[in-house]
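When we follow UniProt numbering, the leftmost residue of the sequence shown carries the number 1, and every step to the right adds one.
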Amino acid sequence: MNIDISFEVLEEIIQFVSDNNIAQTGKKRHLKFNMPTAFEILERNYSNLYSFLMEKGRQVVREEWNNRLKYEVMILQRYKNDKRFNTGYFPELKRDLHQGSNLFVIYLLDTEKKIYGPIKEYYLITESLTDQIDLCCEQHFLPLRSYLIRNDIRDRVNAMVQEVFSGTQATVELIGSSHTQLAMAESDVNLGIRIPKNMVTADAYLCNSSNWTKSVYDVHFLAQSLREMGMVAPFPIPLAKICKFVDPASRLYCAVGVDAGLVFERDHLIAEYLKLDRRVRPLISAILYFTRSQKINKFKLYVWDN
């Protein structure tokens with residue numbers, strides 16, 4: 001019996017229980033009349049409705065429904081002896097039933113948060129931690145206005161690439177922490193040269209080092225072009241297919257190379273994730289600061305290790 005039919009049967013049962021408050025023997029006739037095909041499948045796979053509720057029904061509720069919604073099948077005597085009945089969580093029944101009658105009981109778990117003292121006591125620790133995280137971000141991470149400098153470097157390098165490699169339709173984008181805006185003062189400016197989709201075949205051809213000459217993969221030619229546009233100390237690293245350099249205006253250390261994978265797309269997803277809730281950025285920033293301070297993640301992340 002597949003999950004969709006099981007789900008439909010449970011929905012019908014719960015709607016019937018909701019409409020009738022206490023479902024007695026009529027529940028079988030109700031299903032047979034309203035869902036003949038599903039009821040036939042149920043009878044073929046399970047000997048009776050009780051077996052379905054205790055087996056497949058529990059699985060469906062556990063996997064598909066809200067975790068708060070639960071049900072139990074119990075006899076009337078157990079229902080009245082249940083502590084939840086004694087405390088009023090399970091209500092009184094509207095009609096008298098035999099003590100051995102089976103009840104299909106639907107209820108919501110009590111997930112309400114309760115406190116047993118002044119609310120200030122409960123927020124003292126969390127507020128202190130929040131303050132520490134905010135202070136960490138303020139002290140170690142760049143304010144948003146500082147990314148204007150990194151954007152300017154990207155624009156200048158992009159203009160050079162557009163001019164020198166005009167036939168490739170390549171563009172330059174910020175990648176890594178400069179893209180996600182999770183950069184520290186010590187973080188390098190990482191730039192990725194992106195190849196358009198229609199150039200993928202040519203890009204694969206250029207990946208062969210023997211075809212690099214004066215292409216975007218030719219890091220020596222890239223270093224010369226960076227030097228000509230005024231960048232300082234361009235240093236090609238052929239093995240990594242990147243070129244490191246220093247921007248003379250900001251004195252920031254930079255690295256540029258072809259984004260041969262999905263680095264930009266990954267960073268874009270991270271940036272969108274950070275927008276979901278204002279608390280996400282400080283939390284991720286605190287985690288990054290911890291990993292970097294423990295040398296779990298190093299500051300200088302280049303294109304091949306970003």
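For every residue, glycine included, the Cβ atom is placed at its ideal position computed from N, Cα and C.
Remember, it's a predicted structure, so these values are computed and weren't measured experimentally.
Cutoff 6 angstroms; reference residue i; Cβ partners in own chain excluding five residues on either side
i, result
"I133", "P282 and A286"
"D267", "I175, H179 and T180"
"V232", "V246 and P248"
CB contact flag (residue i, residue j, <8 angstroms)
i, j, result
"K244", "A255", "yes"
"A223", "F235", "yes"
"V216", "P238", "no"
"L129", "S101", "no"
"V172", "S225", "no"
"V157", "L182", "no"
Cα-Cα separation between residue i and residue j, rounded to whole angstroms
i, j, result
"Y107", "Y89", "9 angstroms"
"L103", "F39", "20 angstroms"
"M229", "C136", "37 angstroms"
"R78", "Y116", "32 angstroms"
"F221", "M160", "12 angstroms"
"I284", "Y147", "18 angstroms"
"V303", "E265", "Residue placement at V303 cannot be trusted, given a pLDDT of 41 that sits under 50; what the coordinates show is reported in the next sentence. If I take the Cα positions, the gap works out to 13 angstroms."
"R278", "K214", "45 angstroms"
"D96", "N34", "27 angstroms"
"T291", "T37", "58 angstroms"
Expected contact under 8 angstroms - CB spacing of residue i and residue j to nearest Å
i, j, result
"V258", "I153", "Going by Cβ atoms, the distance from V258 to I153 rounds to 17 angstroms, so no, they are not a contact pair."
"V246", "Y253", "6 angstroms"
"V280", "Y289", "Their Cβ separation, rounded to whole angstroms, is 15 angstroms, which puts V280 and Y289 out of contact at 8 angstroms."
"L142", "A185", "6 angstroms"
"S187", "S177", "5 angstroms"
"V189", "R150", "5 angstroms"
Cβ-based burial, residue i [other Cβ within 10 Å; buried from 16]
i, result
"T168", "buried"
"A170", "buried"
"F52", "buried"
"N81", "exposed"
Cutoff 7 angstroms; reference residue i; Cβ partners in own chain excluding five residues on either side
i, result
"I296", "none"
"R227", "P234"
Residue i: CB within 7 angstroms of a non-hydrogen atom of the ligand NAP
i, result
"V256", "Among the components modelled here there is no ligand, and therefore nothing to report on the ligand NAP."
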